[in-house]
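Contents: one structure, followed by commentary.
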Amino acid sequence: MKRSAYFYPWCAALLALACPATGRAADGDADGETNPMVQPLANQPMAINALLGAINGRPLFVDDVIRPIDADLQRIARVAQTASGFRTQAREAIQKQIKQQVGDILIIKAAQDSLEEEDQKRVEMFMNKTRNDLLSKNGGSTALTDEYYRARGSSFEKELSDLRRRATVDLFLRRTLYPRITITRKMLLDAYNASLAKFTQEPKVDLYTITLPLARYLPRDADGKAPENPTPAQWAAARGVALERAKALIAEIKQAPPEKFAQMVEDNSVDPKRHSGGRWKDTRRGDLLSKQVEDIAFALPPHTFAPPLVINEDNPTEGAVMIIKVEEVEYGRVVPFIDAQKTLETELREKQYSALSRDYYNKLFEKASIEAVESMLDTATNVAVTRYFTR
636 MKRSAYFYPW
646 CAALLALACP
656 ATGRAADGDA
666 DGETNPMVQP
676 LANQPMAINA
686 LLGAINGRPL
696 FVDDVIRPID
706 ADLQRIARVA
716 QTASGFRTQA
726 REAIQKQIKQ
736 QVGDILIIKA
746 AQDSLEEEDQ
756 KRVEMFMNKT
766 RNDLLSKNGG
776 STALTDEYYR
786 ARGSSFEKEL
796 SDLRRRATVD
806 LFLRRTLYPR
816 ITITRKMLLD
826 AYNASLAKFT
836 QEPKVDLYTI
846 TLPLARYLPR
856 DADGKAPENP
866 TPAQWAAARG
876 VALERAKALI
886 AEIKQAPPEK
896 FAQMVEDNSV
906 DPKRHSGGRW
916 KDTRRGDLLS
926 KQVEDIAFAL
936 PPHTFAPPLV
946 INEDNPTEGA
956 VMIIKVEEVE
966 YGRVVPFIDA
976 QKTLETELRE
986 KQYSALSRDY
996 YNKLFEKASI
1006 EAVESMLDTA
1016 TNVAVTRYFT
1026 R
């Protein structure tokens, strides 16, 4: 059988797949976070698994629909304010899942029959890795892992079965649908121009500042006290002293070992980054309140100091002299089309694949002999409300 040129790259992704296409976190809690060893709920019974209906004569149970979207339903229950609000959102999620279940049931046999030996090996490799990953979250114990899922209305066996089905169906769909995907250079160029902002890298600098307040350098009397109402001349004198101190401090910093820099900042500076070594990491234009400081920072070459900057304020007590240092500089640029092309092609390919998949499922759904779809939806939604919206 001739394969699409894009089949093999996806197989590699299959081996890294951690959960089915529904978005469920197979090895974590409802938020998709990694769980340590779980403590299962004791004597937690399995939920009653009501029969929803039949698809071409094959039964479909509540658990088949709810289990794969458990994480989604838990999330909806956390944010929903009322039972009716939960019901509306849960119904939408369940409706999508029923449609997918219908499609899966209708194509799983064809998918299984079409798998070649190499495909079967890939699925087995994926399942072995997934099984081991799930077990590792529960200390390697099959019993604990099963208890964990049973406490959530499922079982370890059912989780693995869901994952195997989704992997098998996805392989089949990608092999079936990928050859229909067309990506032209014009499509890529149009996508590039439409998303140019995404490929535009703004300039940024690794900025360091040391702020010396003018008030620190006002003349002192014999008791070391500064004047209560300094004159303009006294402020001018303080400014001159602060400038000389800033120049001397820059010289000291250049002579000192690099590891001493943070301490020298903390000993001398009064600005907000004093306790962070004076560092304003990954500074972009617009990040700083002072455009003057920003302009100086973005004009400096890497690993250099600017001449001490006098910050004049309407209130002299807020005036200062600032030392500005720049370490790393990332100059702004636009990622050229040739470099963005691979990313764009992947995005367009997946977008087309998603659209083709939806259309494929919709057509299967329309052609299938399905008993009482609305009744299925109502029953599954009622079970979801009872199981998840408990407050």
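Whatever position you read off the sequence shown (first residue = 1), add 635 for the numbering used here. Cβ coordinates follow ideal geometry from the N, Cα and C atoms, glycine included.
Membership of Glu879 in the alpha helix (DSSP H) is indicated by the continuous run 867-890. For Thr819, the closest alpha carbon among the candidates Ala871, Glu980, Tyr988 is that of Glu980. Your pair Ala881 and Val956 checks out as a contact, with CB atoms roughly 5 angstroms apart and the cut at 8 angstroms.
Assignment of Ile743 by DSSP, reduced to helix, strand and coil, places it in the helix class. With a cutoff of 8 angstroms on beta-carbon distance, Ala728 and Leu708 are scored as near each other. Rounded to the nearest angstrom, the gap between the Cα atoms of Thr1014 and Asp739 is 20 angstroms. With contacts defined by Cβ atoms closer than 8 angstroms, Ser925 and Gly913 do not form a contacting pair. Judged by DSSP in its simplified three-state form, Pro694 adopts strand. In the same chain as Ser789, and ignoring 5 residues on each side of it, the C-beta atoms closer than 6 angstroms to its own belong to Arg702, in chain order. For Ile959, no alpha helix (DSSP H) segment is defined; the enclosing uninterrupted segment is the beta strand (DSSP E) at 955-965.
According to DSSP, Ala689 shares a beta bridge with Pro694.
Cβ neighbours of Gln747 within its own chain (closer than 7 angstroms, five residues either side excluded): Thr803. Within the region 704-763, the complete alpha helix (DSSP H) segments of 4 residues or longer fall at 705-714, 718-749, listed in chain order. Around the Cβ of Thr846, a 10 Å sphere holds 16 or more other Cβ atoms; the residue is buried. Pairing Ala715 with Phe721, the inter-Cα distance amounts to about 5 angstroms.
Between Val758 and Ile690, the CB-CB gap reaches or exceeds 8 angstroms.
Cβ contact annotation for Thr1016 (same chain, cutoff 8 angstroms, sequence separation greater than five): Arg722, Ala725, Arg726, Ile729, in chain order.
DSSP, read as helix, strand or coil, puts Arg787 in coil. Taking the C-beta atoms as reference points, Phe933 is found nearer than 8 angstroms to Val840. For Ile946, the uninterrupted beta strand (DSSP E) segment begins and ends at 944-946.
The Cβ-Cβ distance between Leu853 and Pro862 falls below 8 angstroms. In the same chain as Arg855, and ignoring 5 residues on each side of it, the C-beta atoms closer than 7 angstroms to its own belong to Ala861, in chain order. Looking at the backbone, the Cα of Met899 and that of Ala883 are separated by about 12 angstroms. Using a 10 angstroms sphere on the CB of Asp805, the tally of other CB atoms reaches 16 or more, which defines it as buried.
Counting only the Cα atoms, Arg799 lies some 12 angstroms from Phe807. Taking the Cβ atoms as the reference, Ile958 lies roughly 6 angstroms from Pro943, within the contact range of under 8 angstroms.
With a cut-off of 8 angstroms on Cβ pairs, the region 988-1002 is in contact with the region 809-817, counting three or more such pairs. Boundaries of the beta strand (DSSP E) harbouring Thr846: 839-848, taken from the DSSP string. Here the C-alpha atom of Leu842 lies approximately 21 angstroms from the C-alpha atom of Asn947.
Looking at the DSSP output, Phe940 bridges to Lys960. Membership of Thr981 in any beta strand (DSSP E) is not indicated; the residue belongs instead to the alpha helix (DSSP H) covering 972-1002. Taken through DSSP and simplified to helix, strand or coil, Lys916 comes out as strand.
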